[in-house]
Amino acid sequence: MNELDFMSDTMRQLLGGLPITLQLAVISISCGIVLAVLLAALRRSCRLGEWFVRGYVFVLRGSPLLLQIFFVYYGLGQFAVVRESVLWPFLRQPWWCAILALTFNTGAYGSEIVRGGLNAVPPGAIEAARVAGMSRLTLYRRIVLPIALRYALPAYGNEMVIMVKSTSLASIVTLMEVTGIAAAIIAETYRALEVFLCAGAIYLVLNFLLTRAIAGLERWLNPHLRRVHA
Amino acid sequence: MDEDIAVSVRGLHKRFGRLEVLKGIDLTARTGEVIAIIGASGSGKSTLLRCIPLLEVPEEGEVAIAGEVVALRRRGGGRHPADVHQVNRLRASLGFVFQNFNLWHHMTVLQNVIEAPVHVQKRPRPEVVAEAEAILEKVGMADKRDAYPAHLSGGQQQRAAIARALAMRPRALLFDEPTSALDPELVGEVLLVIRDLVREGRTMLIVTHEMAFAAEVSTRAVFLHDGRIEEEGPPTRIFRDPATERCRQFVQRHLSR
Numbered sequence: 003m004n005e006l007d008f009m010s011d012t013m014r015q016l017l018g019g020l021p022i023t024l025q026l027a028v029i030s031i032s033c034g035i036v037l038a039v040l041l042a043a044l045r046r047s048c049r050l051g052e053w054f055v056r057g058y059v060f061v062l063r064g065s066p067l068l069l070q071i072f073f074v075y076y077g078l079g080q081f082a083v084v085r086e087s088v089l090w091p092f093l094r095q096p097w098w099c100a101i102l103a104l105t106f107n108t109g110a111y112g113s114e115i116v117r118g119g120l121n122a123v124p125p126g127a128i129e130a131a132r133v134a135g136m137s138r139l140t141l142y143r144r145i146v147l148p149i150a151l152r153y154a155l156p157a158y159g160n161e162m163v164i165m166v167k168s169t170s171l172a173s174i175v176t177l178m179e180v181t182g183i184a185a186a187i188i189a190e191t192y193r194a195l196e197v198f199l200c201a202g203a204i205y206l207v208l209n210f211l212l213t214r215a216i217a218g219l220e221r222w223l224n225p226h227l228r229r230v231h232a
Numbered sequence: 091m092d093e094d095i096a097v098s099v100r101g102l103h104k105r106f107g108r109l110e111v112l113k114g115i116d117l118t119a120r121t122g123e124v125i126a127i128i129g130a131s132g133s134g135k136s137t138l139l140r141c142i143p144l145l146e147v148p149e150e151g152e153v154a155i156a157g158e159v160v161a162l163r164r165r166g167g168g169r170h171p172a173d174v175h176q177v178n179r180l181r182a183s184l185g186f187v188f189q190n191f192n193l194w195h196h197m198t199v200l201q202n203v204i205e206a207p208v209h210v211q212k213r214p215r216p217e218v219v220a221e222a223e224a225i226l227e228k229v230g231m232a233d234k235r236d237a238y239p240a241h242l243s244g245g246q247q248q249r250a251a252i253a254r255a256l257a258m259r260p261r262a263l264l265f266d267e268p269t270s271a272l273d274p275e276l277v278g279e280v281l282l283v284i285r286d287l288v289r290e291g292r293t294m295l296i297v298t299h300e301m302a303f304a305a306e307v308s309t310r311a312v313f314l315h316d317g318r319i320e321e322e323g324p325p326t327r328i329f330r331d332p333a334t335e336r337c338r339q340f341v342q343r344h345l346s347r
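Protein sequence lines, in the order shown, are assigned to chains H and F.
Using the numbering used here, you'd call the opening residue of the first sequence number 3 and step up by one each time.
Using the numbering used here, you'd call the opening residue of the second sequence number 91 and step up by one each time.
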């Protein structure tokens, strides 16, 4: 097989792993956003909540994601309680374990980004909303969250890009996503350079599309930061 | 309930930590009155104004809007509104204009103006938009209705903020140093708008350092010193012939500028 044929054949095989890579990325990023907002809200709600979230962020941000995936996949099974629980049919599957670890991890980082966005909302904007008679819910829905989202988006875009790349760690718990397939092809062919180039190109394209989408969203949300064309 | 009274406060005390900013204030604004609140920095005039919509909750005393006393409850070290729905309802019946405009920067001028009437007062959107357009016309901002605050001058932002307050159909308008954050050449356009509102017979409380303006538009002036009302009366007396030495010095210093 000549070089070009090998590359295109490799690419075809790697793209077979794309659905799993996309599932891992899209699901963990989406659930991670919900988790991040909940954690940021909990942190603001009461003293106990604040300390819980601080501890959560400390552990999940301070330890390697790879270890967290190992912990969920290999570690949890050691507890009889887990093995006998209704969750076991899920927790024994590498796909669910990877989703869980990725979500918990990005939720921790995300909560810090959301917290920063919330803190950046100008007090004057909040005061103007309160003095207009807005209830707490309306205040958050109409003023605080829309402004916080605009502040948080650039940093959150960064986090999403990192998450797309982090899905490659799932290969270590036997998931055949793009990196997992790449490793398998190399084990067969010993042609590491070509295979890794192909795999890298796939992640590059994914993240190119993602960053364009985030930049578009930013532009759409921030017409007030665009230049005026009068 | 006296329908004729727009806003009143009784025995107001406000502390920030160990600093007592208000030391017992009584003030009543009847419908149609324009009350100028003057005094040196730190005399408590902004705090007094902010107590009316409960942006600051006084430790002692009561606030009444249109004769309805705001229910406050003692909890922890201080007091809190007993019924947030009551406070929100009463707040929505006032218009408050800040020194720093405090427009919502992610919304256009028109969106700023219709926000609370639509989402707080729950009035039908088309009606609110029509009214908002008329108000923007009045404050000279009709051509800027789709502009974002970041693209406006300070004077334009403040006029938009006044429009936002007017859209609430307020019983009384509260101005907290509306021109203090403006470049000198922009002060005039904002005062012009406020002067128009006086002519409409609106009830207003204005905290200001613009003495000549206060003397011209107010029906009553209140001079605050060190958390107390030192002197109050018709502007002709307060600004030309004050009874107390402190008020005389203050007015002279500011009118001569």
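Ideal Cβ positions, reconstructed from N, Cα and C, are used throughout, including at glycine.
- A distance below 7 Å separates the beta carbons of Thr-105 (chain H) and Cys-33 (chain H).
- Counting only the Cα atoms, Pro-143 (chain F) lies some 40 Å from Gly-159 (chain H).
- Judged by beta-carbon spacing, Leu-281 (chain F) lies within the 7 Å limit of Phe-303 (chain F), meaning their Cβ atoms are closer than that value.
- By DSSP's assignment, Ile-128 (chain F) forms a beta bridge with F:Phe-313.
- Between Arg-165 (chain F) and chain H, the shortest Cβ-Cβ separation is not below 7 Å.
- For Thr-105 (chain H), no Cβ of chain F is located within less than 7 Å of the residue's own Cβ.
- In summary, Phe-340 (chain F) is buried, with 16 or more beta-carbon neighbours lying within 10 Å of its beta-carbon over all protein chains present.
- Under the 8 Å Cβ criterion, the stretch 71-78 of chain H counts as touching the stretch 99-118 of chain H, having at least three qualifying pairs.
- Annotation for Lys-228 (chain F): the continuous alpha helix (DSSP H) segment containing it runs 215-228.
- Distance from the CA atom of Thr-198 (chain F) to the CA atom of Leu-227 (chain H), rounded to whole angstroms, is 12 Å.
- Interface residue (Cβ-Cβ distance to chain F less than 7 Å): Ile-22 (chain H) is not classified as such.
- Leaving aside the five residues that flank Val-175 (chain H) on each side, the residues in its chain whose CB is nearer than 7 Å to its CB run, in chain order, Ile-71, Tyr-75, Pro-96, Cys-99 and Ala-100.
- Taking 3 residues as the minimum length, the stretch 35-121 of chain H contains no beta strand (DSSP E) run wholly inside it.
- Chain order gives the chain F residues near Arg-144 (chain H) as Glu-205 and His-209, where near means a beta carbon separation below 8 Å.
- Sequence-distant Cβ neighbours of Ala-305 (chain F) in its own chain, meaning closer than 7 Å and more than five residues away, are Pro-325 and Phe-329.
- By the criterion of at least three beta-carbon pairs nearer than 8 Å, the stretch 126-144 of chain F is in contact with the stretch 314-322 of chain F.
- The Cβ atoms of Leu-226 (chain F) and Arg-213 (chain F) do not sit closer than 7 Å to each other.
- Close to chain H, meaning a Cβ-Cβ distance shorter than 7 Å, are the following residues of the stretch 119-151 of chain F: Pro-143 and Leu-145.
- Residue state for Ala-172 (chain H) is assigned as helix, using DSSP reduced to three classes.
- Between Phe-106 (chain F) and chain H, the shortest Cβ-Cβ separation is not below 7 Å.
- Residues of chain F whose Cβ lies closer than 7 Å to the Cβ of Ile-216 (chain H) do not exist; the shortest such Cβ separation is about 18 Å.
- The beta carbon of Phe-186 (chain F) falls within 7 Å of a beta carbon belonging to chain H, placing the residue at that interface.
- At a cut-off of 7 Å, the C-beta of Thr-12 (chain H) has no neighbouring C-beta in chain F.
- Scanning chain F for C-beta atoms nearer than 8 Å to the C-beta of Glu-129 (chain H) yields Leu-145, Phe-188 and Asn-192, reported in chain order.
- For Val-277 (chain F), the three-state secondary structure derived from DSSP is helix.
- Given a length threshold of 4 residues, each whole run of the alpha helix (DSSP H) inside the stretch 113-165 of chain F is given here in chain order: 135-141.
- Proximity of the stretch 197-208 of chain H to the stretch 169-184 of chain H meets the contact definition, three or more beta-carbon pairs being nearer than 8 Å.
- Partner residues in the beta bridge of Phe-186 (chain F), as assigned by DSSP, are F:Leu-264.
- The Cβ-Cβ distance between Met-9 (chain H) and Glu-179 (chain H) does not fall below 7 Å.
- At a beta-carbon threshold of 9 Å, none of the residues of chain F lie near Pro-156 (chain H); the nearest stands roughly 15 Å away.
- Residues of chain H whose Cβ lies closer than 7 Å to the Cβ of His-196 (chain F) are, in chain order, Pro-148, Ile-149, Arg-152 and His-226.
- Between Gly-245 (chain F) and Glu-217 (chain F), the gap from beta carbon to beta carbon reaches 7 Å or more.
- The three-state secondary structure of Met-178 (chain H), taken from DSSP, is coil.
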